[in-house]
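S.K.: Respectively, the protein sequence lines represent chains B and A. Be aware that the first sequence starts at 1, since it is given in the working numbering, and climbs by one per residue. Be aware that the second sequence starts at 503, since it is given in the working numbering, and climbs by one per residue. For glycine and all other residues, C-beta sits at the position ideal for the given N, C-alpha and C. Model, not experiment: these values are computed from the prediction.
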Amino acid sequence: MGWGRWAWRRLTSMRTAVVLLILLAVAAVPGSLLPQRGVASDPAAVALFYRDNPNLAPWLDRLYLFDVYAAPWFAAVYLLLLVSMTGCVLPRCACLWREVTAQPPAAPRRLEREDAHARLTVEEASASLTAAAAHLRSRRFRVVETDGEVRAEKGHVRELGNLAFHLSLLVLLVGVAGGRLFGYEGRVAVVEGSTFTNIASSYDALTRAPLADPADLEPLEFTLRSFDAQFETSGPRLGEPRSFTAILDWVTSDGAGTTEVRPNQPFDANGTKFFLTGHGYAPQITVRDGRGDVAASGPVIFLPQDQAFTSDGVVKVPDARPTPVALEGLFLPTAARGADGIDVSAYPGLVNPALLLTAYSGDLGLDDGGAQSVYTLDLDGLVEVTGDDGDRWRATIAPGETVRLPDGLGTVTFDGVTRFANFQVARDPGKEISLVAALLLLMGLSVSLGVPRRRVWVRRVDDATVEVGWRHLGRRRCADSDSAALTAALEHDPDNHPESAT
Amino acid sequence: MQADEMALWSDRLVLASLAALSACLVTYAVAAALAARSAGRAPAPILVGGPEALTASPAPVTSGDRANALRPAGTWLMASGAVLLVAAVVARGLAASRVPWGNMYEFGLTASAAVAVTFLVVRRGRRVDVVAPWVAALVLVLLGVSVTSLYTPVDDLVPVLDSTWLVVHVAAAIVAGALFTVGALATLAQMVLSRGGREGRGSSELGDLAHTVHLVAFPIWTFAVIAGAVWAENAWGRYWGWDPKETWAFITWVLYAAHLHALATGGWRRRAGWLAVAGFAAFLFNFFGVNIWIPGLHSYAGV
Chain B
1 MGWGRWAWRR LTSMRTAVVL LILLAVAAVP GSLLPQRGVA SDPAAVALFY RDNPNLAPWL
61 DRLYLFDVYA APWFAAVYLL LLVSMTGCVL PRCACLWREV TAQPPAAPRR LEREDAHARL
121 TVEEASASLT AAAAHLRSRR FRVVETDGEV RAEKGHVREL GNLAFHLSLL VLLVGVAGGR
181 LFGYEGRVAV VEGSTFTNIA SSYDALTRAP LADPADLEPL EFTLRSFDAQ FETSGPRLGE
241 PRSFTAILDW VTSDGAGTTE VRPNQPFDAN GTKFFLTGHG YAPQITVRDG RGDVAASGPV
301 IFLPQDQAFT SDGVVKVPDA RPTPVALEGL FLPTAARGAD GIDVSAYPGL VNPALLLTAY
361 SGDLGLDDGG AQSVYTLDLD GLVEVTGDDG DRWRATIAPG ETVRLPDGLG TVTFDGVTRF
421 ANFQVARDPG KEISLVAALL LLMGLSVSLG VPRRRVWVRR VDDATVEVGW RHLGRRRCAD
481 SDSAALTAAL EHDPDNHPES AT
Chain A
503 MQADEMALWS DRLVLASLAA LSACLVTYAV AAALAARSAG RAPAPILVGG PEALTASPAP
563 VTSGDRANAL RPAGTWLMAS GAVLLVAAVV ARGLAASRVP WGNMYEFGLT ASAAVAVTFL
623 VVRRGRRVDV VAPWVAALVL VLLGVSVTSL YTPVDDLVPV LDSTWLVVHV AAAIVAGALF
683 TVGALATLAQ MVLSRGGREG RGSSELGDLA HTVHLVAFPI WTFAVIAGAV WAENAWGRYW
743 GWDPKETWAF ITWVLYAAHL HALATGGWRR RAGWLAVAGF AAFLFNFFGV NIWIPGLHSY
803 AGV
């Protein structure tokens with residue numbers, strides 16, 4: 001029992017709080033230096049780190065260093081800190097309540113030991129005390145007058161702000177937990193002209209919180225009518241993005257409409273928000289098989305690889321007869337010959353679009369039931385298509401052009417270019433709570449750091465002398481104007497009357 | 503006036519300000535040297551005799567007097583440097599027709615102006631001129647790095663920055679950063695002075711300055727982080743994602759929170775100064791390190 005009390009005292013002490021705060025700051029550092037799972041900037045970063053550091057990565061992973069902010073040791077630090085804080089703050093709430101309901105305390109015996117002290121000669125001490133009490137009341141002190149003494153106190157709101165600040169951190173935790181437990185987050189790429197329906201299978205990636213209801217996806221669909229991107233056309237920042245606009249025709253349970261979506265301007269469907277986070281090109285490709293039948297046709301999403309939108313993608317044509325075909329391609333919106341003789345894109349806009357193709361034939365492995373990415377080829381069972389010279393077959397085509405595959409595999413037509421837009425989809429039911437907590441936190445903090453708290457006593461020494469003592473209940477000395485104004489009120493100085501004092 | 507002409511004027515004003523601040527630094531350095539010489543010859547403080555002693559017998563002009571005469575000149579030079587800088591910031595904003603903190607150069611420029619102005623404001627009524635040369639030096643370095651390594655011509659914003667939250671969030675970060683800078687310099691100066699046991703020589707006034715500045719800066723920094731979170735929710739769909747920039751803003755916040763708690767903790771008051779300095783280091787790393795070395799969602803700011 002005694003040991004438990006000792007441990008609790010230790011945990012809720014200020015010293016522990018300071019140490020835990022330092023620990024929290026240190027614990028947050030590795031997550032900013034190592035790639036993290038679930039951090040939006042680059043989803044492949046952890047896999048890339050694994051490939052580059054095959055020996056080190058598993059050890060880091062065991063220490064949760066790729067999931068720092070979900071790690072047990074990180075949670076231990078902030079939960080201990082919150083417990084320590086709550087244990088410190090709750091007794092202080094009770095203490096504040098007692099102080100607010102109690103009267104300002106009696107003057108200490110020796111006022112000259114206080115932070116500021118003065119002995120004043122006045123005409124009549126009792127009149128001065130009355131004047132001092134009136135003055136302090138007008139300055140919104142809580143005042144008690146006794147025989148020969150005025151006790152006053154101001155600034156309880158400072159401690160109130162302090163407590164509100166600390167307790168708002170608990171509210172913030174509730175808000176964060178709300179999002180983590182009930183929200184969801186997804187990503188989807190939508191090609192111009194195509195329609196997105198808000199069901200789980202439409203998403204490229206969907207992360208649902210453990211307690212989120214699977215049937216809870218907002219019923220809605222939208223068609224990406226158009227996507228427009230503008231880039232800097234000259235100067236040293238050539239190719240830097242200047243504006244993105246997606247136009248959506250949407251249908252929700254409330255009705256239908258058209259909305260423009262831009263960065264910083266999401267589409268909000270009853271709290272499910274669609275954020276425009278990226279874009280790219282989807283060349284329209286038609287593949288005719290060896291028999292001349294259309295085996296695949298339509299836009300294919302090519303993922304951008306660099307700032308100039310050099311993009312790569314694949315076209316899988318399992319239905320081509322007699323032989324299934326797969327194409328691997330590079331799309332260049334503005335094709336240019338690089339210094340090393342390799343074709344690259346020189347500008348992100350569509351100036352000189354070109355499609356560079358290679359081909360494979362054989363079993364695409366789509367029928368054995370295994371999951372496959374639409375952006376990569378499973379090369380098992382595929383054979384590189386070679387040209388007449390025996391080298392690998394390659395072709396570069398512009399929009400409107402058709403190229404014939406070797407060995408009577410068929411033809412490929414580059415019909416044109418459409419764009420696709422990436423949407424980040426989020427629903428966070430805890431975010432309003434977090435916002436309220438943040439505002440409460442800010443208000444509490446400003447009050448607790450900005451409002452001074454002090455006590456003042458005025459005591460009659462003899463008929464012509466009073467004594468004043470100020471005590472600051474905080475680290476900061478309070479403004480001299482307060483004590484000057486009180487002195488003036490005590491001396492009945494008409495030039496420095498409390499109402500005119502600043 | 504044409505936009506590119508305006509941009510040219512901004513660049514010229516920056517150069518003029520660099521000149522004024524360099525002169526300021528030299529003046530302060532000479533004043534400090536003279537003061538050190540006079541302190542070496544006559545250890546007694548100059549005003550020890552009180553005002554009557556001064557009027558009674560006019561003392562011969564000493565190097566200490568010359569130092570005292572030079573310091574106001576240094577302050578005037580810093581003030582003119584600050585005015586030129588503010589004008590440069592305004593011209594840059596007019597040239598770009600937007601707030602002048604859309605890339606690292608502009609952030610560095612505006613932050614330099616903010617540090618200089620902040621110091622000139624908070625030094626009033628305090629005997630803290632011992633840090634003035636260090637403030638001048640730091641502004642010079644920040645401005646110099648901005649001009650030589652971070653300079654970019656005036657241009658439009660990338661779409662993700664085109665938001666009113668850019669005005670609010672970055673402005674709050676700059677103001678808080680300027681206050682943190684002055685606070686860190688005052689804290690370091692105070693720690694150096696009190697280590698030498700020279701408590702009386704302005705060390706407590708420096709401590710008071712640092713404390714006041716930190717009390718103002720901390721809520722502003724909190725606001726900057728909250729405004730950033732609101733903006734992130736508006737742009738990316740989540741208000742907190744542990745992006746490196748967010749992480750270091752959090753680390754900065756936690757270190758300053760630790761500093762403020764340590765001030766009220768027995769046995770930690772001396773170490774509290776180091777926590778403030780660590781918080782400032784985290785702030786600096788967030789601006790330079792995170793922008794330059796760490797990829798993340800905030801990497802669009804145009805190094």
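If I measure Cβ to Cβ from Arg568 (chain A) and keep anything under 6 Å in the same chain, skipping five residues before and after, which residues do I get?
M.R.: Locating residue 568 (chain A) in the second sequence gives position 66, counting from the first residue. So the list reads Leu536, once near-sequence residues are dropped.
S.K.: Can you give the Cα-Cα distance for Phe66 (chain B) and Leu21 (chain B), rounded to whole angstroms?
M.R.: Here the question's residue 66 (chain B) lines up with position 66 in the first sequence. Here the question's residue 21 (chain B) lines up with position 21 in the first sequence. Roughly 22 Å between the two C-alpha positions.
S.K.: Distance cutoff 8 Å, beta carbons only. Does Ala118 (chain B) sit that close to anything in chain A?
M.R.: Position 118 of the first sequence, counted from the first residue, corresponds to residue 118 (chain B). Taking Cβ atoms only, chain A never reaches closer than 8 Å to Ala118 (chain B), which makes this a no.
S.K.: Tyr741 (chain A) touches chain B at which residues, Cβ-Cβ below 7 Å?
M.R.: The residue labelled residue 741 (chain A) in the question sits at position 239 within the second sequence. Residues of chain B passing the Cβ test: Lys431 and Ser434.
S.K.: Just the C-alpha distance for Val317 (chain B) and Ala76 (chain B), rounded to the nearest angstrom, thanks.
M.R.: For the purposes of this step, residue 317 (chain B) is identified with residue 317 of the first sequence, where counting begins at 1. For the purposes of this step, residue 76 (chain B) is identified with residue 76 of the first sequence, where counting begins at 1. Distance between the alpha carbons of Val317 (chain B) and Ala76 (chain B): 52 Å.
S.K.: Which first and last residues belong to the beta strand (DSSP E) in which Thr121 (chain B) is found?
M.R.: Taking the first residue of the first sequence as 1, we reach residue 121 (chain B) at position 121. From DSSP, the beta strand (DSSP E) with Thr121 (chain B) extends over Ala116 to Thr121.
S.K.: Based on Cα-Cα distance, which residue from B:Arg455, B:Ala464 and B:Ser234 lies nearest to Asp115 (chain B)?
M.R.: Here residue 115 (chain B) refers to the residue found at position 115 of the first sequence. Minimum Cα distance to Asp115 (chain B) is reached at B:Arg455.
S.K.: So that I know if they touch, is there some Cβ in chain B lying closer than 8 Å to that of Pro655 (chain A)?
M.R.: Indexing the second sequence from 1 puts residue 655 (chain A) at position 153. Yes, because at least one Cβ of chain B sits closer than 8 Å to the Cβ of Pro655 (chain A).
S.K.: Which residues bound the alpha helix (DSSP H) around Trp470 (chain B)?
M.R.: For the purposes of this step, residue 470 (chain B) is taken as residue 470 along the first sequence, with counting starting at 1. Trp470 (chain B) -> not in any alpha helix (DSSP H); beta strand (DSSP E) instead, spanning Thr465 to His472.
S.K.: When you compare the CB of Glu735 (chain A) with every CB in chain B, is at least one pair closer than 8 Å?
M.R.: Within the second sequence, the letter at position 233 stands for residue 735 (chain A). Glu735 (chain A) counts as touching chain B.
S.K.: Which residues bound the alpha helix (DSSP H) around Val718 (chain A)?
M.R.: The residue labelled residue 718 (chain A) in the question sits at position 216 within the second sequence. Ser705 to Trp738 is the extent of the alpha helix (DSSP H) around Val718 (chain A).
S.K.: Along chain A, in chain order, which residues have C-beta atoms closer than 8 Å to that of Phe275 (chain B)?
M.R.: Indexing the first sequence from 1 puts residue 275 (chain B) at position 275. Those are Ala737, Trp738 and Gly739, listed as they occur along chain A.
S.K.: For Ser746 (chain A), report the span of its beta strand (DSSP E) as first-last.
M.R.: Looking up residue 746 (chain A) in the second sequence gives position 244. Reading the sequence as shown, one finds Pro at residue 746 (chain A) and not Ser. First-last for Pro746 (chain A): Pro746 to Leu765, but that is the alpha helix (DSSP H), not the beta strand (DSSP E).
S.K.: Once the 5 residues before and after Thr683 (chain A) are set aside, which same chain residues still bring their CB inside 6 Å of it?
M.R.: Looking up residue 683 (chain A) in the second sequence gives position 181. Closer than 6 Å at the Cβ level, and outside the excluded window around Thr683 (chain A), lie Val617.
S.K.: Quick one: which residues of the region 595-608 of chain A get their C-beta closer than 9 Å to a C-beta of chain B? List them in chain order.
M.R.: Answer in chain order: no residues at all.
S.K.: Name the chain A residues whose beta carbon is nearer than 8 Å to that of Ala256 (chain B)?
M.R.: Walking along the first sequence from the start, residue 256 (chain B) turns up at place 256. Within 8 Å Cβ-Cβ: nothing; Ala256 (chain B) doesn't reach chain A, min ~23 Å.
S.K.: I want to verify the contact list: residues of chain B whose CB lies under 8 Å from the CB of Val662 (chain A), in sequence order.
M.R.: For the purposes of this step, residue 662 (chain A) is taken as residue 160 along the second sequence, with counting starting at 1. Residues of chain B passing the Cβ test: Pro263 and Asn264.
S.K.: What did DSSP end up calling Pro304 (chain B) once you bin it into helix, strand or coil?
M.R.: Residue numbering aside, residue 304 (chain B) sits at position 304 when the first sequence is read from its first letter. Residue state, collapsed to three classes: strand.
S.K.: Quick one: what does DSSP say Glu112 (chain B) is sitting in, helix, strand or coil?
M.R.: In the first sequence, residue 112 (chain B) corresponds to position 112, counting from 1. In this structure, Glu112 (chain B) counts as helix in the three-state DSSP scheme.
S.K.: Which residues in the same chain have their Cβ closer than 7 Å to the Cβ of Glu608 (chain A), if we skip the five residues on either side of it in sequence?
M.R.: If you number the second sequence from 1, residue 608 (chain A) lands on position 106. Same-chain partners within the cutoff: Arg594 and Pro602.
S.K.: Taking the C-alpha atoms as reference points, what is the distance between Ile548 (chain A) and Ser540 (chain A)?
M.R.: The count along the second sequence starts at 1 and reaches residue 548 (chain A) at position 46. The count along the second sequence starts at 1 and reaches residue 540 (chain A) at position 38. Below a pLDDT of 50, predicted positions are generally treated as unreliable, and Ile548 (chain A), at 42, falls in that range; the measurement from the model is reported next regardless. Taking the straight line joining both Cα atoms gives about 10 Å.
S.K.: If the criterion is Cβ atoms closer than 8 Å, does the pair Val176 (chain B) and Leu224 (chain B) meet it?
M.R.: Locating residue 176 (chain B) in the first sequence gives position 176, counting from the first residue. Locating residue 224 (chain B) in the first sequence gives position 224, counting from the first residue. No, the Cβ-Cβ distance between Val176 (chain B) and Leu224 (chain B) is not below 8 Å.
S.K.: For His761 (chain A), which of A:Val641, A:His713 and A:Ala674 has the nearest alpha-carbon?
M.R.: Taking the second sequence and counting its residues from 1, the one referred to as residue 761 (chain A) is at position 259. That would be A:His713, whose Cα lies nearest to the Cα of His761 (chain A).
S.K.: Within its chain, find whatever has a CB closer than 7 Å to the CB of Ala803 (chain A); leave out the 5 residues flanking it on each side and keep chain order.
M.R.: Working through the second sequence from its first residue, we reach residue 803 (chain A) at position 301. Confidence at Ala803 (chain A) is low in this model, with a pLDDT of 44, below 50, so its placement is unreliable and no value can be given for it.
S.K.: Quick one: measure Cβ to Cβ for Ala359 (chain B) and Leu405 (chain B), integer angstroms, because I've assumed they're closer than 8 Å.
M.R.: Residue numbering aside, residue 359 (chain B) sits at position 359 when the first sequence is read from its first letter. Residue numbering aside, residue 405 (chain B) sits at position 405 when the first sequence is read from its first letter. With 8 Å as the limit, Ala359 (chain B) and Leu405 (chain B) qualify as a contact, their Cβ atoms being about 6 Å apart.
S.K.: Using a Cβ-Cβ cutoff of 8 Å, what residues of the region 401-432 of chain B are near chain A? List them in chain order.
M.R.: Per Cβ criterion, the list reads Gln424, Val425, Ala426, Asp428 and Lys431.
S.K.: What residue does the alpha helix (DSSP H) around Ile796 (chain A) start on, and which one ends it?
M.R.: Taking the second sequence and counting its residues from 1, the one referred to as residue 796 (chain A) is at position 294. Segment: none, Ile796 (chain A) is in no alpha helix (DSSP H) and carries neither H nor E.
S.K.: Three or more C-beta pairs under 8 Å: does that hold for the region 456-465 of chain B against the region 185-203 of chain B?
M.R.: No: the two stretches stay apart, fewer than three of their Cβ pairs being nearer than 8 Å.
S.K.: Under the rule that 16 or more other beta-carbon atoms within 10 Å means buried, what is Trp742 (chain A), buried or exposed?
M.R.: In the second sequence, counting from the first residue as 1, residue 742 (chain A) sits at position 240. The residue in question, Trp742 (chain A), is buried, as its Cβ has 16 or more Cβ neighbours within 10 Å.
S.K.: Answer with buried or exposed for Ala505 (chain A), where buried requires no fewer than 16 other C-beta atoms within 10 angstroms of its C-beta.
M.R.: By one-based count along the second sequence, residue 505 (chain A) stands at place 3. When all chains shown are included, Ala505 (chain A) counts as exposed.
S.K.: Which of helix, strand or coil does DSSP assign to Ala205 (chain B)?
M.R.: For the purposes of this step, residue 205 (chain B) is taken as the residue at position 205 of the first sequence. Ala205 (chain B) falls in the strand class under three-state DSSP.
S.K.: Mind listing which residues of the region 286-308 of chain B have their C-beta closer than 7 Å to chain C's C-betas, in chain order?
M.R.: The structure shown contains no chain C; its protein chains are B and A.
S.K.: Does any CB atom of chain B fall closer than 8 Å to the CB of Ala726 (chain A)?
M.R.: Within the second sequence, the letter at position 224 stands for residue 726 (chain A). Closer than 8 Å: no.
S.K.: Beta-carbon separation of Ser503 (chain B) and Ala17 (chain B) under 8 Å?
M.R.: Any property of residue 503 (chain B) remains undetermined from this structure, which presents chain B solely from 1 to 502.
S.K.: Check whether the Cβ of Ile794 (chain A) lies closer than 8 Å to any Cβ atom in chain B.
M.R.: As a first step, residue 794 (chain A) must be located in the second sequence, where it is residue number 292. Judged by the 8 Å Cβ criterion, Ile794 (chain A) is not in contact with chain B.
S.K.: May I ask you to list the residues that DSSP assigns as paired with Gln103 (chain B)?
M.R.: Position 103 of the first sequence, counted from the first residue, corresponds to residue 103 (chain B). None; Gln103 (chain B) has no bridge partner.
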